[in-house]
Structure formats: C-alpha cells, structure tokens
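**Q** Line by line, the protein sequences give chains H and L.
Position 31, counted from 1, in the first sequence is what my numbering calls 1470; the numbers after and before it change by one each time, with no gaps.
Position 480, counted from 1, in the second sequence is what my numbering calls 491; the numbers after and before it change by one each time, with no gaps.
Every residue, glycine too, gets a C-beta built ideally from N, C-alpha and C.
So that we are looking at the same thing, I have put the structure below in structure tokens.
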Amino acid sequence: MIPLLLVRVGESRYAFYGREIDEVILCPHLETYDGQSELLDGLFRLGESWIAVVPLARLLDIPGSELGHYDPLILLKGETVMAIRVDKVEGVQRMGIDELKPLLSVEDGHARAARLDLGSEPVYLLTSADLLLATERKVLHRSTELYAQRQARAEEELEHLKGETMS
Amino acid sequence: MLLTALVTFGLATVLTLVSFDDAISHSENSRSVSAQVRHAEQLLTLAVSQERGYLYTGQNELLPDINETRRDVLMALSEAEELTTWPEQDGRLRQMRELATKRLDTLEKTVALFEAGKTDEARVLVESGSGNQYMLDFHREAEDIVLTERRLMREANQSISQLSGSLKILIVLGILALVVLSFLWLRMVRARLAPLELCVERARQVANNNFPGTDLPVVFADDEVGSLTGSLNEMTSALYRGATKVEAVREQVQLTALSLSDRVIEQSTALTQLSSGIQEISATVQELNLSASQMSAKVKGLVDGAASRGKAGVRGLNAVDESVKATAKVRDQVQSVADFTVHLNEKAAQVERIVFFVNELTERSNILSINAALLAAGSGEESAAFGVLAEEMQKLTSRSKDSTLEIHETLQTIRSQIQRVVMATEETTKQVEAGDNAAQQAARSIRVLKDTVDEGNDTFLQIVAAVRQQNQALEQVEQALVAMRESAQLVEEGSLSLKEDAAVLASLNLELKNSDLLKAVRS
Chain H
1440 MIPLLLVRVG
1450 ESRYAFYGRE
1460 IDEVILCPHL
1470 ETYDGQSELL
1480 DGLFRLGESW
1490 IAVVPLARLL
1500 DIPGSELGHY
1510 DPLILLKGET
1520 VMAIRVDKVE
1530 GVQRMGIDEL
1540 KPLLSVEDGH
1550 ARAARLDLGS
1560 EPVYLLTSAD
1570 LLLATERKVL
1580 HRSTELYAQR
1590 QARAEEELEH
1600 LKGETMS
Chain L
12 MLLTALVTFG
22 LATVLTLVSF
32 DDAISHSENS
42 RSVSAQVRHA
52 EQLLTLAVSQ
62 ERGYLYTGQN
72 ELLPDINETR
82 RDVLMALSEA
92 EELTTWPEQD
102 GRLRQMRELA
112 TKRLDTLEKT
122 VALFEAGKTD
132 EARVLVESGS
142 GNQYMLDFHR
152 EAEDIVLTER
162 RLMREANQSI
172 SQLSGSLKIL
182 IVLGILALVV
192 LSFLWLRMVR
202 ARLAPLELCV
212 ERARQVANNN
222 FPGTDLPVVF
232 ADDEVGSLTG
242 SLNEMTSALY
252 RGATKVEAVR
262 EQVQLTALSL
272 SDRVIEQSTA
282 LTQLSSGIQE
292 ISATVQELNL
302 SASQMSAKVK
312 GLVDGAASRG
322 KAGVRGLNAV
332 DESVKATAKV
342 RDQVQSVADF
352 TVHLNEKAAQ
362 VERIVFFVNE
372 LTERSNILSI
382 NAALLAAGSG
392 EESAAFGVLA
402 EEMQKLTSRS
412 KDSTLEIHET
422 LQTIRSQIQR
432 VVMATEETTK
442 QVEAGDNAAQ
452 QAARSIRVLK
462 DTVDEGNDTF
472 LQIVAAVRQQ
482 NQALEQVEQA
492 LVAMRESAQL
502 VEEGSLSLKE
512 DAAVLASLNL
522 ELKNSDLLKA
532 VRS
C-alpha cells in the first residue's frame, strides 16, 4: 500500500507520495521583498535556513486561492529551499499500486504522473521532482541566497549598532 | 424906531400901572390901619366900661374877658403894624400896644381885687386914674395914627387921580399905536400871503382835475409859505402820479374781473361735475355697504364653523398625544430587546472566537495527525506507534471538526436567528419610529390645522371687525359725501357771489374809467 498525501488546490485534488514528504506545517508569517520572483509567495526561516514558499497552483498554472494564514505547507524531502503551499491537506490515503493509473502523455503539466479515482472527482498524483523547471529551481536558490545574505548583513549591522549604543 | 417907541410906551404903561397899584394899596392900607386902630380903641373902651359896670353893679355878665380883650386888641394893633408903611406909625402903634397892655393889666388887677372881695380897694384903683391916663394916651395916639393915615390916604388918592389921567393918555396913545401897527401888519401879511393865493388857485385847479404839469408856482422864500408852496407842488405831482397808477390798476382790475368771471364759469361747471360724481360715489357706497353686511353675515357663519372644527382638532391632538406616549413605551421595550440582542450577539461572537480557536487546534491536530500518518507510512516500530497516534489523532480531529462544524452551524443558526430578531427589532423600531413620526406628524398636522383653524378664526373675526369698520367707514364716507355735496352747494353759491362781485368790479371799473380824474390822466 502506498501512502499518498491528498491535497486540494482550488477545485482540483492532487496527491503526493508520502515518502517524498518531509513534513506538513502550517504557513507562518512570510517575509517578502521588492524584486522577489513571481514564483514565490514569500520566505520564512526554518532553523538557520530560509525557505521559499511556492504555491502549487502557480507551479501547475491553475487558479488557486490567495495566501492565507495557516495555509498548509508541504516540505518535500531533499528540497532545502522550497515549501509548497496548498489550499487544504485532506489526509493520508493508502492506496494499492493497482489503483494508480499512470498518465502516459503529458496532460496539463508534466508533473502529473498518475490519476487516482477517489470519490467523485479525479486526483492527480504529482512527481515533486518535476514540479519546478531547472531554471525555476535556480531562480529559487538565488532568491533565497540573496535574501539570506541581505538579512545577515542587516542583522550584523543591527548588532553593531546595539554594541555602539551599549558603549 | 417903531419898536423902540413900542417898548417905551410899554414901559411907561407898566410903570404907571405899578404906581397906580401902589397908590391904591397905600390908600387901602391907610384905611385898614385906621379901621384897626379904631377897632382896638373901641375894644379897650368897652372893656373899661364893662369894668365900671361890673364894679358898680356886680353883675357877672358885665365882667370883661380880659384875656380875650387883650388878645383882640393886640391882634388889631398887630394888623395895623403890618399894614402901615410909615416907620413913625410903627412907633405909635407900639406905644399904643404898651398903653393897652398897661390898661388891661390895671383892669385885671381891679377885677381880681373885686373878686377877692376887696371891693373898696378895687374902686380906689379905678378911681386913681392911672388907668384913665393910659386910656387918654391911648386915645391920643390912636387919633394921631388915624389922622396920619387919613393924610396918607389923601395923598394916595391924589396920586391915583394923577396916575389915572396919565393912564388915560397912555391908553389913547396905545390905541393909536395899535391901529397903526395893525395897518402895517396887515400890509405885511398881505404881501406874505400872496403866494398862498397862488397855492389856493393851484389847489382849486387840482380839485377840478386840472393838473398843471410843469406850470407850478415857484416861491423862493425860505419860510413857511415857501415850504407850503413846495409841499403843494410835491403833492400835486404825487397826486398826478397816483392818479396815473390808479388808472393802471383800474385796467388791471378790469382784466382781473374778466378773468374772475371766466374762472367762476369754469368753477361752476366743475361743481356740476363734482356733484354728479358725488352722487355716483354715494350710490356705490350704498352698494358696498350692502355687500359688506352680507359678507359679515357669511363670515359670522364661517367663524362658528371654525370654532367647532377647532374643538375637534383639540380632541384629535389629545388622541395623538396618547398614541405618541404609547409608541414611546413600545420603542423603549424594543430598545431593551435590541440591547439584549446585541449582548447575545457579543456572546455568540465570543463563542465563535472560541470555536475558531478550537478550529485552529483542530487544524493543527490534523496537521499533526497527517505528519504522524506520514511518519507511520515509514517502516519500523516507531512507524506503527505513529500510525496509531495518527489514527487516534485523526479520529480526534474528525470528531473535533464535526463538533466544531456543528457548533459553527449552531452558532450560524443562532446568529441568523439573532439577525432575524435584530432585523425584526429594527423593523419594529422603524415601524414604531415611523408610527411615532407619523403620530408626531399627525400631531403637528393637527396642531397646524388647529393653529390654522384658530388663525382662520382670528382672521374671520378680523374680517368681521374689518367689515364692521368698513361699514362705519362707508357711513363716514357717506356723511363726508353729504358734507361734500353741501360744500359744493356752498361753493356754487360762492361762485354766484363771485360772479356778482365780478359784475360789481366791472361796474366799478366803468365808473373809474368815466371819472374825471382818470379822464384827465388819460388825456
């Protein structure tokens, strides 16, 4: 049985392989900056790293909802710089391999790997590796790096100013 | 020379008259002195006789009043002294005074002795003759004085005769002088009065309306006659000028009389028209009076109707006030319901916040359960534990969601009910307010109506009063018209009088025109 995480974006339902998911969290407050990539909703700090939030609707080029407080974020394993925002996480569903209907041709995006029949509406199983183009991935990386550097510089300067005030 | 003669004649006459007067007075004085002396002598003699009679008869009525006799004798002698002009006479009179005094003293002594009962002594004194000597001396002096006075009187009379003769001559001379002077004066006066004759002649000519023009008498004398002549000339000139002016005025009067006559005719025509107008106005006034009376009756009916409507308005107003009060009570109750609803709403909101929090917890729990399920999808014992945890949490989450949903639905229902209550309350409030507004509007309308009715009532009463005043005014107008008619009549009569006066003026003008004076001026 394959654990699949079922999510909803707009009126469409999608699924992720459970093993590809590191964690599901609720979206915190996001930092934004002028000139950031249109792919991003914003960034948040997770430990020492800055994570870019990318809406799944934008990646799949489908209509989705605006960023809301406590929207679910999917942290994929291996992805250190990106979290995928969905409208709703419906749960983890175990399904047999036979129930997966692979898509042999590209339909509405190359990340859709298979289709699942769950309920009245179809569910597309996504391959996380194919969600971003290479270029898009580079953009994300660069954006995150730039923001992190900028933030580090600001924090250093703040520390320096604090030091001067104390003296 | 004539004047000197006159003055001399006058002086002589005056002196003669003065001398004549002196002589007469001297004569009179002498006569008076003699009379006074004789009177004193008689008094003294009488007193002596009375003394002897009293001494020998003892009759009191013979007793002389010594004091009175003394006073009278001395008074007579004093009179004589004042009258006499001769110093010698004065001496004699003084002597007589002394003798009389002594004699009277003797008399007094004698009487006193007799009254004291000393009759013999009294007789002795009488017989002694001292008193007699005094009397003899007295008589002698008196005789001398009288003789002297007679002589003086004779001399005065002679002077009088002489002066009388002189006076006669003077009178004759005076008469002659008077005649001569009168003749001369007459000639002088006649010469001085000749210009006056000329003036008289000139005045006669002016009286006959004959103005001489420049032919006026000229007198160069600088006296009253010259002044009179000059004044007469001025008067003649002024009279001529005056007559000329009178002629001019007469012509003006003629023109004025003609104009006056024309005006009188115009006035008479205007009066006729005025009279017609007055009659028309009078008829109109009567019609107005009649319509005013009818209007007054109608307005009276309206006033009565308005009064009853006013009372109905008052009752309606009271009913509206009651309705407004009841509406206010309902509004208060609705307001309290609304307040309770608001409080309920707040509580629902509070519950909803709690539900929202629970929802959040549920969501987080769901996320935890999902993560647990993802972890459970792995292998190992921990995965199984996570699976159980995920499952239990999933159940909890599901139940929580269901409960939350149910609570949410219930809250929604409550909110919707509250909303419906609020809406119903608002609707009720609106209706109550609408009703209140309507009631107040009705009250205002009724008040306005009542006020209008009252105003109308007042207006009607004012109209009635105005109509009454109009009636009175019309009556006054009618009276005024009557007075105007009478005045017009008087004016007409006055016009007739003016017409007559104009005719009189015209006749007077004709008389003036035909007068000799103005004819002379015109010629």
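Please state whether DSSP places L:Gly316 in a helix, a strand or coil.
**A** Three-state result, L:Gly316: helix.
**Q** Per DSSP, which one or two residues make a beta bridge with L:Lys340?
**A** DSSP lists no partner for L:Lys340.
**Q** Relative to the C-alpha of L:Glu235, which candidate in L:Glu258, L:Leu204, L:Ala249 has its C-alpha closest?
**A** That would be L:Leu204, whose Cα lies nearest to the Cα of L:Glu235.
**Q** Between which two residues does the beta strand (DSSP E) carrying H:Val1520 extend?
**A** Counting along the chain, H:Val1520 falls outside any beta strand (DSSP E), and DSSP gives it neither H nor E.
**Q** Which of helix, strand or coil does DSSP assign to H:Ile1460?
**A** Three-state result, H:Ile1460: strand.
**Q** Is it a yes or a no for the stretch 338-352 of chain L touching the stretch 431-438 of chain L, going by three-plus beta-carbon pairs under 8 angstroms?
**A** Flag = yes, the stretch 338-352 of chain L and the stretch 431-438 of chain L touch.
**Q** What residues in the stretch 1447-1462 of chain H bring their beta carbon closer than 8 angstroms to a beta carbon of chain L?
**A** Per Cβ criterion, the list reads Gly1457, Arg1458, Ile1460, Glu1462.
**Q** Mind listing the chain L neighbours of H:Val1528? Cutoff is C-beta to C-beta under 9 angstroms, in chain order.
**A** Under the 9 angstroms cutoff, chain L gives Asn377, Ile378, Ile381.
**Q** Since H:Gly1530 sits in a beta bridge, which residues does DSSP pair it with?
**A** Bridge partners of H:Gly1530: H:Leu1445.
**Q** If you measure from the beta carbon of L:Arg396 to each beta carbon in chain H, is any gap under 8 angstroms?
**A** The question names Arg, yet the displayed sequence has Ala at residue 396 of chain L. Answer no: the Cβ-Cβ gap between L:Ala396 and chain H never drops below 8 angstroms.
**Q** Exposed or buried, which one is L:Ile457 when buried takes at least 16 other CB atoms within 10 Å?
**A** So L:Ile457 ends up on the buried side.
**Q** Residues of the stretch 348-373 of chain L with a CB closer than 8 angstroms to any CB of chain H: list them in chain order, please.
**A** Taking 8 angstroms as the Cβ-Cβ cut-off against chain H, the residues of the stretch 348-373 of chain L that qualify are Glu371.
**Q** How big is the Cα-Cα spacing for L:Leu181 and L:Arg201?
**A** Computed Cα separation, rounded: 29 angstroms.
**Q** Determine, using beta carbons only, whether L:Ala476 and L:Thr338 come nearer to each other than 8 angstroms.
**A** Contact: no.
**Q** Within the stretch 414-486 of chain L, note down every full alpha helix (DSSP H) run reaching 4 residues or more, in order along the chain.
**A** List check, alpha helix (DSSP H) in window: nothing returned.
**Q** Leaving out five residues before and five after L:Thr415 in sequence, what residues of the same chain have Cβ atoms less than 7 angstroms from its Cβ?
**A** Here the set comprises Val366, Val369, Asn370, Thr373.
**Q** Just tell me which of L:Leu85, L:Asn168, L:Asp148, L:Tyr65 has its CA closest to the CA of L:Asp32.
**A** Of L:Leu85, L:Asn168, L:Asp148, L:Tyr65, the residue nearest in Cα terms is L:Asn168.
**Q** Using the C-alpha atoms, what's the distance from L:Ala51 back to L:Ala87?
**A** Between L:Ala87 and L:Ala51, the C-alpha separation is close to 6 angstroms.
**Q** Take the Cβ of L:Thr19 as the centre, count every other Cβ of all protein chains shown within 10 Å, and call the residue buried at 16 or more, exposed below.
**A** Exposed.
**Q** Once the 5 residues before and after L:Gly324 are set aside, which same chain residues still bring their CB inside 7 angstroms of it?
**A** If we look at L:Gly324 and ignore the five residues flanking it on each side, its Cβ neighbours are Ile457, Leu460, Lys461, Val464.
**Q** Going by beta-carbon coordinates alone, are L:Leu85 and L:Thr95 separated by less than 8 angstroms?
**A** The answer is no: Cβ separation not under 8 angstroms.
**Q** What do you reckon, are the CB atoms on L:Ala531 and L:Asn220 nearer than 8 angstroms?
**A** Yes, Cβ-Cβ distance for L:Ala531 and L:Asn220 is below 8 angstroms.
**Q** Is it buried or exposed, L:Gln61, if we count other Cβ atoms within 10 angstroms and call 16 or more buried?
**A** Classification for L:Gln61: buried.
**Q** DSSP state of L:Trp196, grouped into three classes?
**A** If DSSP states are grouped into helix, strand and coil, L:Trp196 belongs with the helices.
**Q** Cutting at 7 angstroms between CB atoms, please list the residues of its own chain near L:Ser380, excluding the five before and the five after it.
**A** Closer than 7 angstroms at Cβ, skipping near neighbours: Ala401, Met404, Gln405, Thr408.
**Q** Judging by CA-CA distance, which residue of L:Val443, L:Glu363, L:Ile378, L:Thr439 is the nearest neighbour of L:Glu417?
**A** Among L:Val443, L:Glu363, L:Ile378, L:Thr439, the Cα nearest to that of L:Glu417 is on L:Glu363.
**Q** Note down the Cα distance separating L:Asp447 from L:Thr470, rounded to an integer number of angstroms.
**A** In a straight line, the C-alpha of L:Asp447 is about 32 angstroms away from that of L:Thr470.
**Q** My guess is that H:Val1525 and H:Leu1495 are in contact by the Cβ rule of under 8 angstroms, so how many angstroms apart are they, rounded?
**A** About 5 angstroms separates the two Cβ atoms, so the contact holds.
**Q** Taking only beta carbons into account, state which residues of the stretch 1494-1512 of chain H come closer than 9 angstroms to chain C, listed in chain order.
**A** Chain labels in this structure do not include chain C; the protein chains are H and L.
**Q** Taking 6 angstroms as the limit between beta carbons, can you name the residues of its chain near L:Val341, skipping five residues before and five after?
**A** Within the same chain, L:Val341 has close Cβ partners Val443.
**Q** Do H:Leu1498 and H:Leu1443 have their CB atoms nearer than 8 angstroms?
**A** No; because the gap between Cβ atoms is not below 8 angstroms, this pair is not in contact.
**Q** On the premise that H:Val1531 lies in contact with L:Ala384, defined as a C-beta separation below 8 angstroms, what is that separation, rounded to the nearest angstrom?
**A** L:Ala384 to H:Val1531, Cβ: 4 angstroms. Contact.
**Q** Under a three-way DSSP split, which group does L:Gly324 fall into?
**A** Note: L:Gly324 maps to helix in three-state DSSP.
**Q** Using only the alpha-carbon positions, how far apart do H:Gly1474 and H:Ala1491 sit?
**A** For H:Gly1474 and H:Ala1491, the distance between alpha carbons rounds to 14 angstroms.
**Q** May I ask which residues mark the beginning and end of the alpha helix (DSSP H) holding L:Ile77?
**A** Note, L:Ile77: alpha helix (DSSP H), 77-94.
**Q** Name, please, each residue of chain H whose Cβ falls closer than 8 angstroms to the Cβ of L:Leu385.
**A** Under the 8 angstroms cutoff, chain H gives Pro1442, Leu1444, Gly1457, Ile1460, Glu1462, Val1463, Val1531.
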